[in-house]
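Chemist: Following this message is one structure expressed as C-alpha coordinates.
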Amino acid sequence: MFDDCLHSESASQTPLLPDTSNFLSRHQTKYYILQEIVESGTKAEADVLGRVVKHLRQKSVDDGLMKKWVVKNLRKDGYNAALRRSCWPTTLNCPGGEHEYIDITSEGKKGSSGLRLIVDIDIKSQFELARPTPNYKDLCNVLPTIFVGDEQKLKNIISILCSEAEKSFHERGLHVPPWRTPYYIQLKWFSPPQNRPPELSVRRRVRGENRAVEAGDRVVAAAEFLSGRRKYLGVDQCGLSSQFSAMRMECS
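Be aware that the sequence shown starts at 35, since it is given in my numbering, and climbs by one per residue.
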(Lines of atoms letter the chains of each structure in order from A; the text may use other names.)
(Lines give C-alpha, C1' and ligand atoms only; values in the text may rest on other atoms or scores of the structure.)
Protein backbone atom coordinates (compact mmCIF):
# COMPACT_ATOMS: atom_id res chain seq x y z
CA MET A 35 0.00 0.00 0.00
CA PHE A 36 2.75 2.37 0.98
CA ASP A 37 5.72 1.07 -1.03
CA ASP A 38 5.12 3.15 -4.15
CA CYS A 39 4.52 6.39 -2.29
CA LEU A 40 7.52 6.04 0.00
CA HIS A 41 9.99 6.47 -2.84
CA SER A 42 8.27 9.65 -3.96
CA GLU A 43 8.16 11.00 -0.39
CA SER A 44 11.89 10.56 0.11
CA ALA A 45 12.83 11.95 -3.30
CA SER A 46 13.41 15.66 -3.67
CA GLN A 47 10.64 17.58 -5.35
CA THR A 48 11.40 20.21 -7.98
CA PRO A 49 8.78 22.98 -7.95
CA LEU A 50 7.03 23.60 -11.23
CA LEU A 51 7.69 26.93 -12.88
CA PRO A 52 4.65 29.04 -13.76
CA ASP A 53 3.82 29.89 -17.36
CA THR A 54 5.32 33.06 -18.75
CA SER A 55 2.13 35.07 -18.60
CA ASN A 56 1.25 38.38 -17.02
CA PHE A 57 -1.30 36.87 -14.69
CA LEU A 58 -2.36 33.54 -13.26
CA SER A 59 -5.84 32.11 -13.18
CA ARG A 60 -7.47 31.53 -9.83
CA HIS A 61 -6.84 27.81 -10.14
CA GLN A 62 -3.17 28.34 -10.94
CA THR A 63 -2.88 30.68 -7.98
CA LYS A 64 -4.38 28.06 -5.65
CA TYR A 65 -2.13 25.42 -7.16
CA TYR A 66 1.11 27.31 -6.55
CA ILE A 67 0.05 28.46 -3.09
CA LEU A 68 -0.78 24.89 -2.09
CA GLN A 69 2.47 23.65 -3.59
CA GLU A 70 4.42 26.24 -1.61
CA ILE A 71 2.63 25.26 1.61
CA VAL A 72 3.29 21.57 1.06
CA GLU A 73 6.96 22.03 0.19
CA SER A 74 7.64 24.42 3.05
CA GLY A 75 8.79 22.90 6.30
CA THR A 76 11.23 23.03 9.15
CA LYS A 77 14.21 20.80 9.82
CA ALA A 78 12.23 19.14 12.60
CA GLU A 79 9.46 18.23 10.14
CA ALA A 80 11.96 16.87 7.63
CA ASP A 81 13.64 14.76 10.31
CA VAL A 82 10.33 13.27 11.45
CA LEU A 83 9.27 12.58 7.86
CA GLY A 84 12.53 10.75 7.22
CA ARG A 85 12.01 8.60 10.31
CA VAL A 86 8.41 7.79 9.37
CA VAL A 87 9.39 6.80 5.83
CA LYS A 88 12.16 4.57 7.17
CA HIS A 89 9.86 2.81 9.62
CA LEU A 90 7.16 2.27 6.99
CA ARG A 91 9.73 0.67 4.71
CA GLN A 92 10.72 -1.67 7.52
CA LYS A 93 7.14 -2.48 8.48
CA SER A 94 6.53 -5.99 9.77
CA VAL A 95 2.86 -5.64 10.74
CA ASP A 96 -0.48 -5.56 8.98
CA ASP A 97 -1.80 -2.27 7.62
CA GLY A 98 -4.34 -2.10 10.46
CA LEU A 99 -1.51 -1.82 13.00
CA MET A 100 0.66 0.49 10.91
CA LYS A 101 0.15 3.62 13.02
CA LYS A 102 0.94 1.78 16.26
CA TRP A 103 4.09 0.42 14.63
CA VAL A 104 5.20 3.92 13.62
CA VAL A 105 4.47 5.35 17.09
CA LYS A 106 6.42 2.55 18.76
CA ASN A 107 9.48 3.18 16.61
CA LEU A 108 9.28 6.96 16.88
CA ARG A 109 9.37 6.58 20.66
CA LYS A 110 12.48 4.44 20.30
CA ASP A 111 13.96 7.31 18.31
CA GLY A 112 13.36 9.60 21.28
CA TYR A 113 10.21 11.40 20.10
CA ASN A 114 7.23 12.01 22.37
CA ALA A 115 4.85 10.37 19.90
CA ALA A 116 1.31 9.20 20.57
CA LEU A 117 -1.52 7.64 18.60
CA ARG A 118 -4.54 9.93 18.77
CA ARG A 119 -8.14 9.15 17.97
CA SER A 120 -10.49 12.05 17.35
CA CYS A 121 -14.11 11.16 17.95
CA TRP A 122 -17.08 13.51 17.70
CA PRO A 123 -20.85 12.96 18.05
CA THR A 124 -23.57 13.63 15.53
CA THR A 125 -25.21 17.06 15.64
CA LEU A 126 -27.92 18.70 13.57
CA ASN A 127 -25.39 20.10 11.10
CA CYS A 128 -22.58 17.58 11.32
CA PRO A 129 -22.46 13.76 11.19
CA GLY A 130 -20.37 12.00 13.79
CA GLY A 131 -17.11 10.31 12.98
CA GLU A 132 -13.63 9.37 14.11
CA HIS A 133 -10.09 9.55 12.78
CA GLU A 134 -6.72 8.24 13.89
CA TYR A 135 -3.45 10.08 13.46
CA ILE A 136 -0.10 10.51 15.18
CA ASP A 137 1.13 13.58 16.96
CA ILE A 138 4.53 14.48 18.34
CA THR A 139 4.90 17.06 21.09
CA SER A 140 7.86 18.73 22.72
CA GLU A 141 8.04 20.93 25.79
CA GLY A 142 8.49 24.63 25.24
CA LYS A 143 11.06 26.81 26.95
CA LYS A 144 10.19 28.96 29.98
CA GLY A 145 6.61 27.78 30.22
CA SER A 146 5.75 28.43 26.58
CA SER A 147 3.66 25.95 24.65
CA GLY A 148 5.80 23.35 22.95
CA LEU A 149 5.93 22.25 19.35
CA ARG A 150 3.19 19.96 18.10
CA LEU A 151 3.62 18.07 14.85
CA ILE A 152 0.76 16.18 13.23
CA VAL A 153 1.65 13.01 11.34
CA ASP A 154 -0.88 11.40 9.00
CA ILE A 155 0.43 8.50 6.94
CA ASP A 156 -2.37 8.64 4.35
CA ILE A 157 -3.69 12.19 4.25
CA LYS A 158 -4.66 12.09 0.58
CA SER A 159 -7.53 9.71 1.25
CA GLN A 160 -9.17 12.27 3.55
CA PHE A 161 -9.81 14.62 0.61
CA GLU A 162 -10.92 12.18 -2.08
CA LEU A 163 -14.15 12.87 -3.95
CA ALA A 164 -16.22 10.37 -5.93
CA ARG A 165 -16.14 12.41 -9.14
CA PRO A 166 -13.72 15.33 -8.76
CA THR A 167 -13.38 18.10 -11.28
CA PRO A 168 -10.01 18.30 -13.09
CA ASN A 169 -9.05 21.37 -11.04
CA TYR A 170 -9.75 19.62 -7.74
CA LYS A 171 -7.85 16.55 -8.89
CA ASP A 172 -4.85 18.74 -9.75
CA LEU A 173 -4.80 20.16 -6.23
CA CYS A 174 -5.10 16.72 -4.61
CA ASN A 175 -2.14 15.53 -6.67
CA VAL A 176 -0.02 18.19 -4.96
CA LEU A 177 -0.62 16.57 -1.57
CA PRO A 178 1.98 14.15 -0.26
CA THR A 179 0.82 10.73 0.86
CA ILE A 180 2.48 11.25 4.24
CA PHE A 181 1.88 14.57 5.98
CA VAL A 182 4.14 15.96 8.68
CA GLY A 183 3.52 19.52 9.80
CA ASP A 184 2.18 21.86 12.42
CA GLU A 185 -1.45 22.82 12.97
CA GLN A 186 -1.37 26.00 10.88
CA LYS A 187 0.14 24.23 7.90
CA LEU A 188 -2.63 21.62 7.98
CA LYS A 189 -5.35 24.25 8.41
CA ASN A 190 -4.07 26.13 5.36
CA ILE A 191 -4.21 22.93 3.29
CA ILE A 192 -7.74 22.19 4.49
CA SER A 193 -8.88 25.71 3.63
CA ILE A 194 -7.64 25.54 0.03
CA LEU A 195 -8.90 22.03 -0.70
CA CYS A 196 -12.32 22.52 0.89
CA SER A 197 -12.76 25.74 -1.06
CA GLU A 198 -12.05 23.92 -4.32
CA ALA A 199 -14.24 20.97 -3.27
CA GLU A 200 -17.16 23.34 -2.72
CA LYS A 201 -16.59 24.78 -6.17
CA SER A 202 -16.43 21.25 -7.58
CA PHE A 203 -19.83 20.35 -6.14
CA HIS A 204 -21.41 23.59 -7.32
CA GLU A 205 -20.12 23.08 -10.86
CA ARG A 206 -21.97 19.77 -10.92
CA GLY A 207 -25.15 21.34 -9.59
CA LEU A 208 -24.91 19.66 -6.18
CA HIS A 209 -25.02 20.86 -2.60
CA VAL A 210 -21.92 20.44 -0.46
CA PRO A 211 -22.41 17.45 1.88
CA PRO A 212 -21.85 18.30 5.56
CA TRP A 213 -18.94 15.83 5.74
CA ARG A 214 -17.10 17.81 3.06
CA THR A 215 -17.18 21.17 4.85
CA PRO A 216 -14.03 22.69 6.39
CA TYR A 217 -15.58 22.32 9.86
CA TYR A 218 -16.04 18.57 9.50
CA ILE A 219 -12.61 18.01 7.93
CA GLN A 220 -10.89 19.95 10.71
CA LEU A 221 -12.58 17.80 13.35
CA LYS A 222 -10.42 14.90 12.19
CA TRP A 223 -7.30 16.50 13.64
CA PHE A 224 -8.51 19.32 15.87
CA SER A 225 -11.31 17.83 17.96
CA PRO A 226 -10.34 16.71 21.49
CA PRO A 227 -8.16 13.62 21.01
CA GLN A 228 -8.49 10.38 22.93
CA ASN A 229 -5.58 8.17 23.92
CA ARG A 230 -7.68 5.06 24.37
CA PRO A 231 -10.34 3.46 22.18
CA PRO A 232 -13.88 4.70 22.87
CA GLU A 233 -16.43 2.46 24.52
CA LEU A 234 -17.85 -0.36 22.44
CA SER A 235 -21.25 1.30 22.06
CA VAL A 236 -19.61 4.51 20.86
CA ARG A 237 -17.43 2.63 18.39
CA ARG A 238 -20.44 0.84 16.96
CA ARG A 239 -22.37 4.09 16.62
CA VAL A 240 -19.47 5.91 14.99
CA ARG A 241 -18.83 3.05 12.58
CA GLY A 242 -22.48 3.18 11.59
CA GLU A 243 -22.19 6.92 11.03
CA ASN A 244 -19.04 6.45 8.96
CA ARG A 245 -20.87 3.92 6.81
CA ALA A 246 -23.66 6.46 6.41
CA VAL A 247 -21.11 9.05 5.24
CA GLU A 248 -19.70 6.58 2.70
CA ALA A 249 -23.22 5.80 1.52
CA GLY A 250 -23.84 9.53 1.19
CA ASP A 251 -20.82 9.84 -1.10
CA ARG A 252 -22.23 7.07 -3.27
CA VAL A 253 -25.59 8.84 -3.40
CA VAL A 254 -23.86 12.07 -4.46
CA ALA A 255 -22.00 10.22 -7.21
CA ALA A 256 -25.24 8.61 -8.40
CA ALA A 257 -26.97 11.99 -8.43
CA GLU A 258 -24.15 13.41 -10.55
CA PHE A 259 -24.48 10.52 -13.00
CA LEU A 260 -28.25 10.82 -13.29
CA SER A 261 -28.03 14.58 -13.71
CA GLY A 262 -25.54 14.20 -16.53
CA ARG A 263 -27.60 11.41 -18.08
CA ARG A 264 -30.75 13.56 -18.15
CA LYS A 265 -28.84 16.40 -19.79
CA TYR A 266 -27.39 14.00 -22.37
CA LEU A 267 -30.83 12.65 -23.26
CA GLY A 268 -32.33 16.13 -23.33
CA VAL A 269 -34.98 15.16 -20.77
CA ASP A 270 -35.57 17.05 -17.57
CA GLN A 271 -37.51 15.98 -14.52
CA CYS A 272 -40.68 17.77 -15.62
CA GLY A 273 -40.51 16.08 -19.03
CA LEU A 274 -40.31 12.67 -17.40
CA SER A 275 -43.28 13.45 -15.18
CA SER A 276 -45.40 14.49 -18.18
CA GLN A 277 -44.43 11.31 -20.03
CA PHE A 278 -45.46 9.13 -17.11
CA SER A 279 -48.75 11.04 -16.84
CA ALA A 280 -49.45 10.44 -20.55
CA MET A 281 -48.71 6.74 -20.14
CA ARG A 282 -51.14 6.46 -17.24
CA MET A 283 -53.87 8.15 -19.34
CA GLU A 284 -53.30 5.73 -22.23
CA CYS A 285 -53.49 2.73 -19.93
CA SER A 286 -56.73 3.89 -18.28
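The beta-carbon is built from N, C-alpha and C at its ideal position, and this holds for glycine as well.
Hey, would you say P178 sits closer than 9 Å to V104, going by beta carbons?
Modeler: Cβ atoms of P178 and V104: not closer than 9 Å.
Chemist: Going by beta carbon distance, what residues of the same chain come within less than 7 Å of P216, once the five residues before and after it are set aside?
Modeler: These residues qualify, in order along the chain: I192, S193 and C196.
Chemist: Spatial neighbours of D172 within its chain, please: C-beta separation below 8 Å, excluding the five flanking residues on both sides.
Modeler: The answer, listed in chain order, is H61 and Y65.
Chemist: Could you give the C-beta distance for P86 and I155, rounded to a whole number, given that I count them as a contact under 8 Å?
Modeler: At residue 86 the sequence reads Val, which differs from the Pro that was named. That pair is a contact at about 7 Å.
Chemist: Between the C-alpha atoms of V82 and P168, what's the straight-line distance to the nearest angstrom?
Modeler: Taking the straight line joining both Cα atoms gives about 32 Å.
Chemist: Check whether the Cβ atoms of F224 and E185 sit closer than 9 Å, and answer yes or no.
Modeler: Contact flag set, yes.
Chemist: Would a C-beta distance cut-off of 9 Å place K101 and E134 closer than the cut-off?
Modeler: Yes; because the gap between Cβ atoms is below 9 Å, this pair is in contact.
Chemist: State the start and end residues of the unbroken alpha helix (DSSP H) segment that holds R91.
Modeler: Unbroken alpha helix (DSSP H) run through R91: K77 to R91.
Chemist: For the alpha helix (DSSP H) containing V182, list its first residue and its last residue.
Modeler: Per DSSP, V182 belongs to no alpha helix (DSSP H); it is in the beta strand (DSSP E), F181 to G183.
Chemist: Taking only three categories from DSSP, how would you classify S74?
Modeler: Of the three classes helix, strand and coil, the one that applies to S74 here is coil, per DSSP.
Chemist: Shortest alpha-carbon distance to D111 belongs to which of G84, N190 and G131?
Modeler: Here the closest residue by C-alpha is G84.
Chemist: Excluding the 5 residues preceding and the 5 following Y170 in the sequence, name in chain order all residues of the same chain whose CB lies nearer than 7 Å to its CB.
Modeler: Correct list, in chain order: L163, E198, A199 and S202.
Chemist: Could you please give the first and the last residue of the uninterrupted alpha helix (DSSP H) stretch that includes P219?
Modeler: A small correction: the amino acid at residue 219 is Ile; Pro does not occupy that position in the sequence shown. I219 -> alpha helix (DSSP H) spans P216 to F224.
Chemist: Shorter than 8 Å, the distance from the beta carbon of V105 to the closest heavy atom of the ligand NAP, or not?
Modeler: This structure lacks the ligand NAP; in fact it carries no ligand of any kind.
Chemist: Determine the extent of the beta strand (DSSP E) in which V153 is found, giving its start and end residues.
Modeler: Its beta strand (DSSP E) spans residues R150 to D154.
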